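S.K.: Structure below; questions to follow.
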Amino acid sequence: MDGSLLEPTLYILKGMVIMDNDGNRILAKYFDTVNFPTIKEQKAFEKNLFTKTHRANSEVIMLDGLTCVYKSNVDLFFYVMGSCNDNELLLMAVLHCLYDSVSQILRKNVEKKALLENMDVVMLAMDEISDGGIILEADPNAVCQRVALRADDIPIGEQTVAQVLQTAKEQLKWSLLK
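Here the sequence shown stands for residues 1 to 178, where the numbers follow the UniProt record's numbering.
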C-alpha cells in the first residue's frame, strides 16, 4: 500500500523490548495485537530480531515489515519497534529516552543485575514513555521525575538545592517527632 494514502495516527510504537546478551527477554511491551497476538509470536519475533542484531553495528533494521531501532550496552539490548512507514528518527528519540531513563534510574550502571533489581521502576518508566503505542514522553528527565525516583536514592552531588533542603527538612521533622 502506498504510504501517502495512510491516515496519520498517534499509534506509532509497535513494541519496546529489553533483552539480555543471550537473547532472552527481560522486559517487553507490545502494542500491536495484529502482528503479535500471543507470546509465542512475540518470542519468535524476538529470537529473529536478536539473531539479526546482536553482532551488527548499525542502529536500524527492517524486519518482518517493522522498523526496529536498537542499542546495546554491556549485557543488555534495547529495542523499539514501529511500522515500516514510521520515521526512524522518531523511533530513535523513543529509544534514547528509554535508554537514558534506565541509565538514570540505575545510576549509570546499565547492566542486567541492576535492571532486575529495579524492574518495578523501569516498568513504570516504560509506561510513562508510551501508552498503548502512543508516545507520551521523549525526555528522560521528565520520565525519571514521573516515576518518583526518591530524592534519598539520588547521590547528593546530583540533587538540586531544593531537593537537599527538602530532605533535610524531613529528617529534622522526624527527629523532632521521636
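A virtual CB, placed ideally from N, CA and C, is assigned to each residue, including glycine. Please read these numbers as outputs of a predicted model, since none were measured by experiment.
#1: Which one or two residues does DSSP pair with CYS68 in a beta bridge?
#2: Are VAL60 and THR51 closer than 8 Å when you measure CB to CB?
#3: Under 8 Å Cβ to Cβ from LYS169, same chain only, skipping five residues before and after it: list those, please.
#4: Determine the contact status of MET16 and MET126, defining contact as a CB-CB distance below 8 Å.
#5: How long is the line joining the alpha carbons of ILE105 and LYS14, rounded to whole angstroms?
#6: Can you tell me where the alpha helix (DSSP H) with VAL122 in it begins and where it stops?
#7: With a threshold of 6 Å on Cβ separation, who are the neighbours of ILE12 within its own chain once the five nearest residues in sequence on each side are excluded?
#8: Could you tell me the distance, in whole angstroms, from the CA atom of VAL121 to the CA atom of ALA44?
#9: Roughly how many whole angstroms lie between the Cα atoms of ARG107 and ALA114?
#10: Look up ILE135 in the DSSP assignment and give the residues it is bridged to.
#11: Kindly identify the DSSP beta-bridge partner or partners of LYS29.
#12: State the Cα-Cα distance for the pair TYR99 and ALA93, rounded to the nearest angstrom.
#13: Looking at the strands, I want to know which residues DSSP matches up with TYR76.
#14: Could you compute how far the alpha carbon of SER175 sits from the alpha carbon of THR167?
#15: Rounding to the nearest angstrom, what Cα-Cα distance links LEU91 and PHE77 in this structure?
#16: Verify whether the separation of the beta carbon atoms of ARG25 and GLU41 is less than 8 Å.
#17: On the premise that GLU137 lies in contact with ILE129, defined as a C-beta separation below 8 Å, what is that separation, rounded to the nearest angstrom?
#18: Taking the alpha helix (DSSP H) that PHE50 belongs to, which residues open and close that run?
M.R.: In this structure, then:
#1: Beta-bridge pairing by DSSP links CYS68 to ILE61 and MET81.
#2: The answer is no: Cβ separation not under 8 Å.
#3: Taking LYS169 as the centre and dropping the five residues before and after it, the same chain places no C-beta closer than 8 Å to its C-beta.
#4: Closer than 8 Å, so yes.
#5: Going from the Cα of ILE105 to the Cα of LYS14 covers about 24 Å.
#6: Counting along the chain, the unbroken alpha helix (DSSP H) around VAL122 starts and ends at 119 to 129.
#7: Contacts found: GLY82, ASP86 and ILE135.
#8: Per the coordinates, the alpha-carbon of VAL121 lies some 27 Å from the alpha-carbon of ALA44.
#9: ARG107 and ALA114: Cα-Cα distance of roughly 9 Å.
#10: Bridge partners of ILE135: SER130.
#11: MET16.
#12: Looking at the backbone, the Cα of TYR99 and that of ALA93 are separated by about 10 Å.
#13: As written in the sequence, residue 76 is Leu, which differs from the Tyr given in the question. Answer is ASP20 and ASN73.
#14: Straight-line Cα distance between these residues: approximately 12 Å.
#15: Looking at the two C-alpha atoms, the distance is approximately 15 Å.
#16: Not closer than 8 Å, so no.
#17: Contact annotation, ILE129 with GLU137: C-beta distance approximately 6 Å; criterion of less than 8 Å satisfied.
#18: Residue range 39 to 53 is occupied by the alpha helix (DSSP H) that includes PHE50.
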